[in-house]
Amino acid sequence: MPDLSFSSFVKKALARREAALTLLLVVILVPITIRSPQFLSAKNISTILNDMAILSIVAIGEFYVILSNGIDLSVGSIIAFTGMATGMINQANPTVSPILLMFAGMGIGMVMGLFNGVLVAYGKIPPIITTLGTVNIYRGLTFLLSGGTWVTAHEMSESYIAFPRNTFLGVSNLLWIALLVIAVFYYFSRYSRTGREVYAIGGNPTAAKFVGVNENRVRVVVFLISGTLCGLAGALWTARYASAVNEMATGFEMQAVAACVLGGVNFAGGSGGIIGVVLGTLFLGVVTNALPVIYLSVFWQTFVQGLIILIALTLNTMSDQRKTKKLLAQRRG
Amino acid sequence: MAEKRDLMAKSRLIDEMSVKNRLIEYFTQWEVLLSIIIVFVFVFFTIRTPYFLDWFNLMNATFQFSEKAIIALPMIFIIMCGDIDISIASIVALCAYAVGNAAQAGASIPSLIFLALLVGTLAGLFNGVMITALEMPAIAVTLATQSVFRGIAIGLLGDQARTDFPENFGFFGQQFIPGTIIPFEFVLYLALVLLFAFILHKTTYGRRLYAIGNSAEAARFSGIKVKTMRIINFTVTGFFCGLTSILLASRILSVRSNIATGWDLEIITLVVLGGVAITGGKGSVYGVFIGSMLVGYLKFGMGLLKFSGTLMTIVIGLLLITAVLLPRLLDMYKANRKLRLQQMGRN
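Chains as they are written, first to last, in my numbering: chain A, 26 to 358; chain B, 56 to 402.
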């Protein structure tokens with residue numbers, strides 16, 4: 026007989042990662058807001074959301090790779106290469122519309138993701154090794170492309186720099202793009218055939234193959250998605266920060282992975298969801314933004330991020346272990 | 056049944072008899088291939104520049120890779136068991152910070168060494184315990200501790216640098232063995248190569264590492280304390296990160312929070328290039344030794360020919376990917392050949 030009491034409802038709701046994360050977000054927001062009431066002002070909220078928009082786009086790409094039991098360490102380098110490429114296109118030809126530049130970034134990123142994916146799927150090189158190699162190669166190519174120079178704000182067109190900041194219905198274009206990406210991939214992961222196949226491959230590759238999932242295709246697709254989204258992020262990055270630098274987005278893979286882990290994505294593959302990843306990104310944004318409020322210098326940002334991932338990992342594993350125990354007990358009983 | 060056994064014996068006989076087959080077998084060994092490549096690299100650079108084949112230069116070049124190659128040795132153990140550690144550079148940074156700070160406070164050389172080794176060992180132990188006790192993937196945990204360890208160094212050091220070191224501290228990373236042109240670092244590295252080769256290839260501990268890498272489950276059932284050994288591997292790696300931080304701080308006599316950035320990747324490249332399978336259970340210290348020399352002298356030679364650092368980065372990345380792709384292709388080739396030989400034996 027199903028348990029209908031209120032306490033069991035709360036327990037079940039909290040067992041869901043998304044609910045627990047939302048609650049945690051509220052819990053840390055209360056003392057921060059008490060300390061500094063303007064933290065929840067419309068201006069600051071919009072700052073946090075805009076800061077996190079690019080990360081959420083990249084984290085969704087990373088999510089698919091981790092979901093398939095891989096990891097993409099090359100995201101930062103792909104962002105740098107595509108950001109540099111779009112910056113240079115804009116420098117050489119200022120009349121090209123920003124939207125076209127976004128698509129150019131996505132196209133270049135797609136090719137880079139494809140290279141990763143083919144090496145993993147057909148070369149049978151483990152994802153960590155492939156992307157450890159390409160993180161170097163792509164960063165090197167960025168330097169070769171730029172010849173070691175920068176593209177600065179006054180070399181870029183007004184319309185490109187203004188593009189992420191321009192608002193539509195009171196919301197910045199940057200945020201609209203992030204919301205669109207979230208919506209598309211929410212649908213993709215829950216209702217499309219390929220989306221479900223990624224879960225299947227990540228959860229149990231052998232079983233997935235027996236029911237006819239094409240493993241190689243799925244592995245290429247996840248890297249393709251990651252690369253394409255990084256390309257989009259690169260084009261947006263250059264515009265938002267009004268410069269293309271060779272070192273841009275170094276170590277960004279850390280933050281993307283952190284957002285996924287915080288969002289409850291299982292590192293062994295096969296479980297997790299887009300909403301969790303978005304909440305994880307938001308959580309990371311709030312904590313980073315709140316550091317000055319609790320009088321911690323920005324130098325502690327790296328440490329705090331690492332600590333949060335470590336705690337999230339521990340919680341993920343502990344809840345998994347509890348679930349397994351429960352399952353075993355049920356089977357015995 | 057008897058017929059089948061007969062056939063197998065026959066095919067094995069053909070396999071053993073043919074000199075050509077045995078030669079192919081020998082030259083498709085990874086260590087032998089690496090040795091051939093390194094000879095080519097030496098010949099190439101000797102032809103291209105007169106400054107390459109010079110004893111003083113060759114010895115001086117070892118300063119560039121000895122430190123990373125030292126950490127690659129315990130890393131073999133970690134990767135052999137199917138684990139990975141991408142927090143090593145951060146451990147080096149943390150130890151270097153501790154050393155730099157203590158040196159500024161006026162600590163003596165022995166206490167600086169002790170401090171570095173202690174901090175490194177504790178950091179490695181922390182990694183090992185988190186990974187085994189919570190049964191989490193090594194990559195996830197060390198990705199987090201990568202930020203945690205370096206984060207402590209960044210948080211405490213900020214944009215400052217520590218440059219006050221005791222007199223004679225420069226010996227470890229700058230000086231030569233008295234009366235020779237051989238750097239102290241390199242001698243230390245060679246001694247450690249022998250030590251690690253002995254442990255991996257001549258002791259029970261080493262054999263057990265191979266067993267864990269091939270099947271952790273089977274190893275556990277045969278009575279090997281898998282978790283304990285994995286913790287030991289991470290702890291030992293932390294210890295040698297501490298040792299390396301002394302060499303590094305002594306060589307550049309300045310500690311900043313971004314010290315040793317990017318070493319994780321380079322060290323893993325050395326190990327994988329040396330023929331250690333990233334999935335565990337396969338590889339040798341000799342291969343990693345040759346691989347480290349190869350990368351070191353490739354970089355040195357490219358530097359002499361005025362290649363940019365960027366190009367070197369790309370070459371190292373390509374090397375890493377080829378190093379994993381090539382043995383796989385070789386394995387496929389070997390398997391095909393065996394199949395063909397068996398078919399020949401049948402006819």
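We put the CB at the ideal spot given by N, CA and C, even for glycine.
Residues that DSSP places opposite residue 231/B in a beta bridge: According to DSSP, residue 231/B bridges with 238/B.
Interface partners of residue 357/B on chain A, CB under 7 Å: The premise fails here: residue 357/B is roughly 13 Å from chain A at the closest Cβ pair, so nothing lies under 7 Å.
Contacts around residue 214/A, its chain only, beta-carbon distance under 6 Å, and the 5 residues preceding and following it disregarded: Once the five neighbours on either side are set aside, the close Cβ partners of residue 214/A are 220, 299.
Buried or exposed (CB count within 10 angstroms, at least 16 for buried), residue 26/A: Per-residue confidence for residue 26/A stands at a pLDDT of 48, beneath the threshold of 50, marking its modelled position as unreliable; the derived number appears in the next sentence. By the neighbour-count rule (16 or more Cβ atoms within 10 Å), residue 26/A is not buried but exposed.
Interface residues of chain B facing residue 325/A [CB-CB closer than 8 Å]: 206, 209, 210
8 Å Cβ cutoff met for residue 113/A and residue 176/A: Yes, the Cβ-Cβ distance between residue 113/A and residue 176/A is below 8 Å.
Beta-carbon neighbours of residue 373/B, restricted to chain A and to distances below 9 Å: 158, 161, 162
Cβ contact (3+ pairs, closer than 8 Å) linking the segment 128-142 of chain A and the segment 251-267 of chain A: yes
CB contact flag (residue 146/B, residue 175/B, <8 Å): Result yes, Cβ atoms of residue 146/B and residue 175/B sit closer than 8 Å.
Close Cβ partners of residue 274/B (< 8 Å) along its chain, the five nearest in sequence each way excluded: 263, 266, 267, 281
is_contact[residue 180/B, chain A] using C-beta, thresh 8 Å: Not a single C-beta of chain A is nearer than 8 Å to the C-beta of residue 180/B.
Exposed unless 16 or more other CB atoms sit within 10 angstroms - verdict on residue 151/A: Residue 151/A is buried by the Cβ-count criterion.
Per-residue DSSP class, three states only, for residue 60/A: Residue 60/A falls in the helix class under three-state DSSP.
Contact with chain B by residue 26/A, beta-carbon distance below 8 Å: Because the pLDDT of residue 26/A is 48, which lies under 50, any placement of that residue in the model is unreliable, and the question is left without a value.
Chain B contact residues for residue 181/A, given Cβ-Cβ distances below 7 Å: Neighbours of residue 181/A on chain B: none; closest Cβ ~24 Å, over 7 Å.
Cβ-Cβ distance between residue 86/B and residue 341/B below 8 Å: Cβ distance < 8 Å, so residue 86/B and residue 341/B count as in contact.
Contact set for residue 201/B: own chain, Cβ-Cβ below 8 Å, skip 5 residues either direction: The residues are 141, 142, 144, 145, 319.
Residues of its chain near residue 354/A, where Cβ-Cβ distance is below 8 Å and the 5 sequence neighbours each way are ignored: none
Residue 269/A in three-state terms, based on DSSP: Residue 269/A falls in the strand class under three-state DSSP.
In DSSP terms, what residue 192/A is bridged to: 197/A
Helix, strand or coil at residue 393/B according to DSSP, with G and I counted as helix: helix
Residue-level contact to chain A via CB, residue 130/B, 8 Å cutoff: Judged by the 8 Å Cβ criterion, residue 130/B is not in contact with chain A.
Residue 311/B (DSSP reduced to helix, strand or coil): coil
DSSP state of residue 236/A mapped onto helix, strand, coil: coil
Pick from 148/B, 251/B, 111/B, 92/B that is closest to residue 130/B, judged by C-alpha positions: Ranking the options by Cα distance to residue 130/B, first place goes to 251/B.
At least 3 beta-carbon pairs within less than 8 Å: the segment 363-380 of chain B vs the segment 103-123 of chain B: no
Three CB pairs or more closer than 8 Å across the segment 327-337 of chain A and the segment 201-214 of chain B: yes
Residue from 308/A, 313/A, 203/A with nearest C-alpha to residue 337/A: 308/A
Partner residues on chain A for residue 190/B, Cβ-Cβ distance less than 8 Å: 342, 346
Contact set between residue 149/A and chain B, taken where Cβ atoms lie within less than 8 Å: 383
Limits of the alpha helix (DSSP H) - the one that residue 362/B falls within: Element bounds for residue 362/B: n/a, residue is neither H nor E.
CB contact below 8 Å: residue 225/A versus chain B: no
Proximity below 8 Å, CB of residue 103/A to CB of residue 256/A: yes
Touching by the beta-carbon criterion (3+ pairs, under 8 Å), the segment 99-108 of chain B and the segment 294-311 of chain B: No: the two stretches stay apart, fewer than three of their Cβ pairs being nearer than 8 Å.
Reduced DSSP secondary structure (H/G/I, E/B, other) of residue 176/A: strand
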